[in-house]
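J.: Sharing a structure below in structure tokens format, with a few things to ask.
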Amino acid sequence: GTNPNWTTYYNHTHPHTTPLPTYPFQHHHYWPRETATRSHGDSSGHPLLTSVVQLADRDEFVLGGRLSLASQPWLGDHAVMGKVLFPATAFVELLLHAAQLTGLEGFDELTLEGPLVLPETGAVQIQLAVAAPDDAGRRGVTVHSRLDGDDSEWHRNATALLGTGHVTGQALTVWPPSDAVEVALDGIYAEFAAAGLDYGPFFQGLRSAWKAGEDVFVEVRLPDGASMHADGFGLHPGLLDSVLHGVGAGRVFGEDGRARLPFSWHGVTLHASGSPVLRAQLSPAGTDAVSLHIADAAGSPVATVERLVMREVSRDQIAGAAPRSLYELNWLPLATTAEPDGLVLADHGAADQERATHVVLRAEHGQAPDAAAAFTASATMLEHLRAWSSEQTLVVVTTNAVACGGSSPAPSGAAIWGLTRAAQAELPGRLVIVDVDGDERSWSALPDALASGEGQIALRRGEAHVPRLVPVTGTQESPSWANATVLLTGASGALGTIIARHLVLEHGVRDLRLLSRNGDAMVPTDADGLVTQLACDLTDPDQIAKAVATIPTEVPLVVVHCAGKLDDVTLSGQTRERLQRTFTPKATAAWLLHSLTTHHNVTAFVMFSSAAATLGSPGQANYAAANAYLDALTHHRRASGRPGISLAWGMWDAGMAGTRGTTDRDRLAGTGIELIDEADGTALFDAALTAGGPFVAPLPLNKAALQRRAAEQPLPSVMRNLVRSRARASATTSVSLAEVLWGLPPQERRDRLTDVIRSRMAAVMGHGSAEAISMDRPFTDLGFDSLMAVEFRGALDTATGLRLPATLVFDHPTPAALYEHLSSRLLPDEEPTTPDAVFIELDRLESALGDIEPTDVQGTQIKNRLRTLLSRWETTGTTDRTGDELAEANLEDMFGIIDDEFGFSNGGDAR
């Protein structure tokens, strides 16, 4: 039951005298009925456990718990490689609690065998089985877990040995040590995140660090307001984990920048508990190992770890144990409490359009489900969006185009939604899309709905709803593969090849029809006689019809439509021809497969769609329209009693997305969306087909990165329920950047606006450090292309509240030039430097001079400088320095200015 990617050995220096127990207590008779459902904390005495049971006939114990991000939200701050892991330090805490219950002071060994990944929703059951003591009084322990409500086997996560030995703690009263040198911690957690250790506030407790020789000394504390989650712990996992961050900060294992996690602990003793602040000494203890002496704020011993071995961890190791990330789209009620004051609506093309704040464009689409109608509607909307250049907000209105209120969406209208979502990603804040049901009350509710600030809204009987991705809850049986003929399109592509191999080798498909343009798809290993190659151009209806005609109508048929084509370009470059180039192999081919298999015994109809249609993806308006059509077509099939499911995939690390460069991949990582590798993708494929609805988004997410993104700018509408409220609140602040800047001193104002520019550049470039970006280097030299320019402009639109032109980085070719432009737009009424400002600075200077003796050496130097400055000013009438620079300077800055301008050496007289 363990993950084979994780090493499962015991350190040879600590052999067991008694075999560790391996029973996971799977059978209900191990649990006395009266304790099986006790409430939280009833009998365990620990926040992570719900019960402790001593077996009736022997000296053994079972400790049970139920872990979830709902009941223990602080665990969500421990993210590794994009997954929330139960911390190794939490296993330590549970073992120390088990030791205390059995009269011991600590444990001799703890070896972690497999990661415990916490699901986004639901809970995980955890059990600690404590064996009877051996002759030396030591007790073996095994730790198992499984998903709550899951009848599958338990997975062993760790083994341990509780010990009887007592270790005297080491005090740390001299703090910091006199010979220690402070270690800079600026950017340390960003550095950890780049390595895959993406910690939230509860696990960012490292406050100070020093180094003396090979030893590292750290001070850690829990964040403010953490007390509600910290009570009841002996050694809180967040604090102990933060202590271990000193390994990275102090470069104990060198400068390789690789992520390491605790693997095995030896000789762990708890001396005291409950301190919210810890200080610790970390010392090398062999290869990839450290020892720890931990004390409280006064230096009194808290815990000792004789030896902790840490191991490098990779994304593959975590992915193999991760719960599957499957989402569906729900339309949730929206409370429209905002008043639409100042909001003026006008129809597109109306004479009074100029005085409107919002212009309503009614989309031209019908309810016909065929792909030709959807293409025409999308092409028409594309022309409107490309032509829109007004400062007003454009409101695109469709009719019954989304699956809100139980209705089946019109595929043509759905394609318009996909197209417009992509345009919204390029033009944040400038486009709103609304779907109405034809009810007059919905039209009346439109102003209130628009006042909410939501970018995507459905109005049903006058009530507003917004789309949100939520975890999949429904289930259904997986398709029967072995006895069916499987028709697979896009078979020569990377994804088609992966799925074909998976169906043959893992699902036992015996009749696989591979459709590819030249009939040369790769045949899965050991599939001779099971595969039929069909040359089929999916842009040719006749060839599709001939391929379908080869399949008898009476046999079970499964259609898997993987084909697709990318032709990315920003909205200004999108054309009808580009739209058709992407639309035909994806949407038109899907419609033909749907129509031509009407009389076949279709048991599953699986279409590979894209999350771009749901999330909105800049530069992919054509691709998003085609995939949104697929999503709606599955609803149409379900409404007519036929099977269908659309899988709105995130980006695979293969296929069309596999050709993307490092910069694109880094940019994707910054959005919080994880790349999907083959192993995880095929597992997601299997899991998605058991979902109950017609639409599933297999979308692995890095929640920590998603929260950072939300803190910088609003997330796409559909993703806003995927982050905790604190991130959403920071993303929707009502204080404008201009107001913030006006409230700052001049230099801080400049620094703040520079930070805004650099941070958005770093996000678009996938750059690790915003501070490393030069303000004087041209955007073209930094690698900006048209798509990056559009994304950057959109990010600045959101950050500044301005409506900036698409040609922004071309009109202002360096970040410094852009700074000047934004400063003039945000602070247009900033007062120029006046004599009054200089008088203020002279008053400050006069006050400072009062504390200096004019006859000493420094006083003489100051007098000489001031005389030179005055003489130069009287002679030239001005200086090369602007008055506002002097107005902003403190005393030290002013002397620096004098030095620079008049050639003084540091502390010397004029040359």
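Throughout, this note's numbering is defined as the position within the sequence shown, counted from one, plus 161.
Ideal placement from N, C-alpha and C gives every residue a C-beta, glycine not left out.
1. Below 8 Å, can you find three or more Cβ-Cβ pairs linking the region 714-722 to the region 757-767?
2. Is DSSP giving His-188 helix, strand or coil here?
3. Here's the rule: buried if 16 or more other CB atoms are within 10 angstroms of the residue's CB, otherwise exposed. What is Ile-1013?
4. Report all residues from its chain with a CB closer than 7 Å to the CB of Leu-664; omit the five preceding and five following residues, and keep chain order.
5. For Met-471 and Leu-422, I'd like the C-alpha separation in whole angstroms.
6. Decide if Asn-561 is buried, meaning its Cβ has at least 16 other Cβ atoms within 10 Å, or exposed.
7. So, with DSSP's three-state summary, where would you put Asn-1025?
8. When burial is assigned at 16 or more other CB atoms within 10 Å of the CB, is Lys-1024 buried or exposed?
9. Would you report the Cα separation of Arg-791 and Pro-572, rounded to the nearest angstrom?
10. Is it true that the CB of Gln-694 sits closer than 8 Å to the CB of Ser-878?
11. Which partner residues does Asn-762 have in the DSSP bridge list?
12. When burial is assigned at 16 or more other CB atoms within 10 Å of the CB, is Gly-411 buried or exposed?
13. Straight-line CA distance for Ala-459 to Gly-393?
14. From Val-253 to Leu-396, what distance separates their C-alpha atoms?
15. Note down, one range per segment and in chain order, each alpha helix (DSSP H) of at least 4 residues found wholly within the region 272-309.
16. Compare the Cα-Cα distances from Gly-225 to each of Ala-259, Pro-248, Leu-246 and Asp-238 and report the closest residue.
17. Using DSSP bridges, identify the partner residues of Ser-677.
18. Taking 8 Å as the threshold (C-beta atoms), are Ser-369 and Val-377 in contact?
19. With a Cβ-Cβ cutoff of 8 Å, do Ala-293 and Arg-300 count as a contact?
20. Quick one: residues in its chain with C-beta nearer than 7 Å to the C-beta of Arg-547, no 5 flanking neighbours on either side, listed in chain order?
21. Measure from the C-beta of Gly-399 to each C-beta in chain B and report whether the shortest distance is under 8 Å.
22. Rounded C-beta distance between Glu-281 and Gly-854? I'm assuming under 8 Å.
23. Could you tell me the alpha carbon to alpha carbon distance between Thr-211 and Tyr-360, rounded to whole angstroms?
24. May I ask you to report which of helix, strand or coil DSSP gives Phe-971?
25. When DSSP builds the beta bridges, which residues end up paired with Val-451?
26. Might you give, ordered along the chain, the residues of its own chain that have their beta carbon closer than 6 Å to the beta carbon of Arg-662, omitting 5 neighbours on each side?
27. Any contact of the region 261-269 with the region 396-406, i.e. 3+ C-beta pairs under 8 Å?
28. Counting only runs of 3+ residues fully inside the region 624-681, write out the beta strand (DSSP E) ranges in chain order.
29. With 16 other CB atoms within 10 Å as the buried threshold, where does Ala-512 fall?
30. Val-404 and Val-381 - do their beta-carbons sit closer together than 8 Å?
31. Report the option in Thr-915, Pro-589 and Asp-729 whose CA atom is closest to the CA atom of Leu-965.
32. Kindly indicate the opening and closing residues of the beta strand (DSSP E) around His-519.
33. By how many angstroms is the C-alpha of Ala-496 removed from the C-alpha of Leu-754?
34. Specify the secondary structure class of Thr-736 as computed by DSSP and reduced to three states.
35. Counting C-beta neighbours from all protein chains within 10 Å, is the total for Arg-1028 16 or more, i.e. buried, or is it exposed?
36. Where does Val-381 sit, in a helix, a strand or coil, going by DSSP?
T.: Straight from the coordinates:
1. yes
2. By one-based count along the sequence shown, residue 188 stands at place 27. In this prediction, His-188 scores a pLDDT of 30, lower than 50, which makes its location untrustworthy; the coordinate-derived value is nonetheless stated afterwards. Correct three-state label for His-188: coil.
3. On the sequence shown, residue 1013 is found 852 positions in, with the first residue counted as 1. Ile-1013 should be labelled exposed.
4. One-based indexing of the sequence shown puts residue 664 at position 503. Excluding residues within five positions, the ones whose Cβ falls inside 7 Å are Trp-642, Val-647, Val-670 and Leu-673.
5. In the sequence shown, residue 471 corresponds to position 310, counting from 1. In the sequence shown, residue 422 corresponds to position 261, counting from 1. Approximately 5 Å, taken between the alpha carbons.
6. If you number the sequence shown from 1, residue 561 lands on position 400. Buried.
7. Locating residue 1025 in the sequence shown gives position 864, counting from the first residue. Of the three classes helix, strand and coil, the one that applies to Asn-1025 here is helix, per DSSP.
8. Stepping through the sequence shown from its first residue, residue 1024 is reached at position 863. That one is exposed.
9. If you number the sequence shown from 1, residue 791 lands on position 630. If you number the sequence shown from 1, residue 572 lands on position 411. Sequence inspection shows Leu at residue 791; the Arg mentioned does not correspond to that position. Those two C-alpha atoms are separated by around 8 Å.
10. By 1-based counting over the sequence shown, the position of residue 878 is 717. By 1-based counting over the sequence shown, the position of residue 694 is 533. Not a contact, by the Cβ cut-off of 8 Å.
11. Residue mapping note: residue 762 aligns to position 601 of the sequence shown, counting from 1. Paired residues: Pro-717.
12. Within the sequence shown, residue 411 is the residue found at index 250, counting from 1. That one is buried.
13. As a first step, residue 459 must be located in the sequence shown, where it is residue number 298. As a first step, residue 393 must be located in the sequence shown, where it is residue number 232. Their backbone Cα atoms lie some 21 Å apart in a straight line.
14. The sequence position of residue 253 within the sequence shown is 92, counting from 1. The sequence position of residue 396 within the sequence shown is 235, counting from 1. Roughly 9 Å between the two C-alpha positions.
15. none
16. Here residue 225 refers to the residue found at position 64 when the sequence shown is read from its first residue. For the residues Ala-259, Pro-248, Leu-246 and Asp-238, the minimum Cα distance to Gly-225 belongs to Ala-259.
17. Along the sequence shown, one-based indexing puts residue 677 at 516. Note: Ser-677 sits in a beta bridge opposite Ala-696.
18. Stepping through the sequence shown from its first residue, residue 377 is reached at position 216. Stepping through the sequence shown from its first residue, residue 369 is reached at position 208. No, Cβ-Cβ distance for Val-377 and Ser-369 is not below 8 Å.
19. Here residue 293 is taken as the residue at index 132 of the sequence shown, counted from 1. Here residue 300 is taken as the residue at index 139 of the sequence shown, counted from 1. Yes, the pair counts as a contact, with Cβ atoms nearer than the cut-off.
20. Mapped onto the sequence shown, residue 547 falls at position 386. For Arg-547, where only same-chain residues beyond five positions count, the Cβ hits under 7 Å are Leu-732, Ser-733 and Gln-735.
21. Absent from the structure: chain B. Only one protein chain is present.
22. Mapped onto the sequence shown, residue 281 falls at position 120. Mapped onto the sequence shown, residue 854 falls at position 693. Not quite, the Cβ-Cβ distance comes to about 18 Å (not below 8 Å), so this is no contact.
23. The sequence position of residue 211 within the sequence shown is 50, counting from 1. The sequence position of residue 360 within the sequence shown is 199, counting from 1. The alpha-carbon atoms of Thr-211 and Tyr-360 are separated by roughly 27 Å.
24. One-based indexing of the sequence shown puts residue 971 at position 810. It is helical.
25. Working through the sequence shown from its first residue, we reach residue 451 at position 290. According to DSSP, which records beta bridges pairwise, Val-451 is partnered with Pro-445 and Leu-469.
26. Here residue 662 is taken as the residue at index 501 of the sequence shown, counted from 1. These residues qualify, in order along the chain: Pro-685.
27. no
28. 624-632, 646-650 and 672-677
29. Here residue 512 refers to the residue found at position 351 when the sequence shown is read from its first residue. So Ala-512 counts as exposed.
30. Looking up residue 381 in the sequence shown gives position 220. Looking up residue 404 in the sequence shown gives position 243. Contact: yes.
31. Sequence index remark: in the sequence shown, residue 965 carries index 804 (1-based). When each option's Cα is compared against that of Leu-965, the closest is Pro-589.
32. Looking up residue 519 in the sequence shown gives position 358. Segment 519-523, the beta strand (DSSP E) holding His-519.
33. Residue mapping note: residue 754 aligns to position 593 of the sequence shown, counting from 1. Residue mapping note: residue 496 aligns to position 335 of the sequence shown, counting from 1. When rounded, the distance between both Cα atoms is 42 Å.
34. Counted from its first residue, the sequence shown places residue 736 at position 575. Three-state DSSP puts Thr-736 in coil, outside helix and strand.
35. What you label residue 1028 is simply residue 867 of the sequence shown in a count that begins at 1. When all chains shown are included, Arg-1028 counts as exposed.
36. On the sequence shown, position 220 is the one that residue 381 refers to. In this structure, Val-381 counts as strand in the three-state DSSP scheme.
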